[in-house]
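In our numbering, the protein residues as written are 88 to 160.
C-beta: ideal position from N, C-alpha, C; glycine also.
Take a look at the structure set out below.
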Amino acid sequence: MAIPLKLSNELVDMARPRAVAEHRSIPKQIEYWARLGKAVEDNPELPVQFIKSTLLAIAEADAGQLSEYHIGV
């Protein structure tokens, strides 16, 4: 369920170049930051890059982009 939010101009201005670079809308960029921030708070012992990679892997799996991993091959 989407709800309208009032965001500061500063936050929107910070999100704009990142959104363009990542081919996201500004709201989707801010949503991504919120998900990443929550994951970082939930897992303070993990490096941020590991969390970002994990979120990407989950999104790829949800999109059906899975491949079998072969150990030692």
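- Between residue 121 and residue 113, the CB-CB gap reaches or exceeds 7 Å.
- Here residue 142 has 122, 123, 126 as same chain residues with Cβ atoms under 8 Å from its own Cβ, once five neighbours each way along the sequence are excluded.
- At a Cβ-Cβ threshold of 7 Å, residue 102 and residue 90 do not count as neighbours.
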